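*Asks:* My questions all concern the structure below.
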Amino acid sequence: IMNQGWGQSPGNTGNSERTLSGPEAHIPSLLSMATRNHMDITTPPLPPIAPEVLRVAEHRHRRGLMYPFIYHVLTKGEIKVPVCIEDECNTELPPAVVLFRTSRQYVYGVLFSVAETQRRMERLAVRKRIPVETHPVIVKEWSAYKGKSPQTPELVS
Numbered sequence: 001i002m003n004q005g006w007g008q009s010p011g012n013t014g015n016s017e018r019t020l021s022g023p024e025a026h027i028p029s030l031l032s033m034a035t036r037n038h039m040d041i042t043t044p045p046l047p048p049i050a051p052e053v054l055r056v057a058e059h060r061h062r063r064g065l066m067y068p069f070i071y072h073v074l075t076k077g078e079i080k081v082p083v084c085i086e087d088e089c090n091t092e093l094p095p096a097v098v099l100f101r102t103s104r105q106y107v108y109g110v111l112f113s114v115a116e117t118q119r120r121m122e123r124l125a126v127r128k129r130i131p132v133e134t135h136p137v138i139v140k141e142w143s144a145y146k147g148k149s150p151q152t153p154e155l156v157s
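Residue numbers (UniProt numbering): 1 to 157.
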């Protein structure tokens with residue numbers, strides 16, 4: 001009885017791959033399942049954020065004093081853009097996710113102090129006489145709209 005497998009009778013300890021019926025149906029191994037696409041998408045690490053900015057963001061986040069996704073963007077580098085109703089008759093108007101992407105990019109720039117970091121790197125490069133090296137801030141935007149799967153994020157810099 002010690003070698004008895006899960007869902008097997010005491011006399012059947014050999015074939016662990018047999019399929020069961022009813023509530024004891026075969027449960028596949030996680031290793032045999034396909035990897036989801038978004039698991040394969042990697043982004044560069046987020047730039048360091050001033051401790052005071054993180055402290056204030058966390059404080060306001062915990063008390064519900066600001067948009068909830070700001071702290072998540074600062075710490076995780078991703079955002080879930082809510083689904084909205086689109087006008088199917090007007091094909092000239094792009095989906096809201098695409099339409100407002102530029103304004104979200106400006107917000108990401110402010111949150112991660114991109115302009116300040118760029119100026120600091122340029123001054124350092126001039127002093128040391130080396131080329132300017134900046135790393136882009138890439139945020140994963142999870143959204144769903146016509147023609148785009150909600151299972152894969154869009155990488156926005």
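Just so it is clear, CB atoms sit at the ideal spot from N, CA and C, and this is done for glycine as well.
None of these values were measured; they are calculated from a predicted model.
1. Strictly by DSSP, which residues pair up with Leu155?
2. First and last residue of the alpha helix (DSSP H) that includes Ile79?
3. Which residue or residues does DSSP assign as beta-bridge partners of Lys148?
4. In whole angstroms, what is the alpha-carbon distance linking Arg62 and Lys128?
5. When you compare the CB positions of Arg120 and Val156, do they come within less than 8 Å of one another, or not?
6. Mapping DSSP to helix, strand and coil, what is Leu54?
7. Within the 8 Å Cβ cut-off, does Tyr108 reach chain C?
8. Measure from the alpha carbon of Asn90 to the alpha carbon of each residue in Gly109, Gly64, Lys146, then state which is nearest.
9. Nearest to Val53 by CA position, among Glu78, Leu74, Asp87, Thr134, is which residue?
10. Look at the Cβ atom of Val139, then the Cβ atom of Glu78, and state whether they are nearer than 8 Å.
11. Looking at the structure shown, is Gly109 part of a helix, part of a strand, or coil, going by DSSP?
12. Quick one: measure Cβ to Cβ for Lys80 and Trp142, integer angstroms, because I've assumed they're closer than 8 Å.
13. Take His135 as the anchor and find which of Lys148, Pro153, Gln151, Phe112 has the nearest alpha-carbon.
14. Using C-beta distances below 6 Å, list every residue in its chain close to Pro95, excluding the 5 sequence neighbours before and after it, in chain order.
15. Less than 8 Å between the C-beta atoms of Val137 and Val114, yes or no?
16. Rounding to the nearest angstrom, what Cα-Cα distance links Ile49 and Val56 in this structure?
17. Report the rounded CA-to-CA distance for Pro131 versus Pro68, giving the unit in angstroms.
*Replies:* According to the data block:
1. Lys140
2. Unbroken run through Ile79 is the beta strand (DSSP E), 78-80; no alpha helix (DSSP H).
3. Looking at the DSSP output, Lys148 shares a beta bridge with Tyr145.
4. 43 Å
5. no
6. helix
7. Among the protein chains of the structure shown there is no chain C, as only one such chain exists.
8. Lys146
9. Leu74
10. yes
11. helix
12. 4 Å
13. Phe112
14. Glu86, Tyr145
15. yes
16. 12 Å
17. Using only the alpha carbons, I get a separation of about 38 Å.
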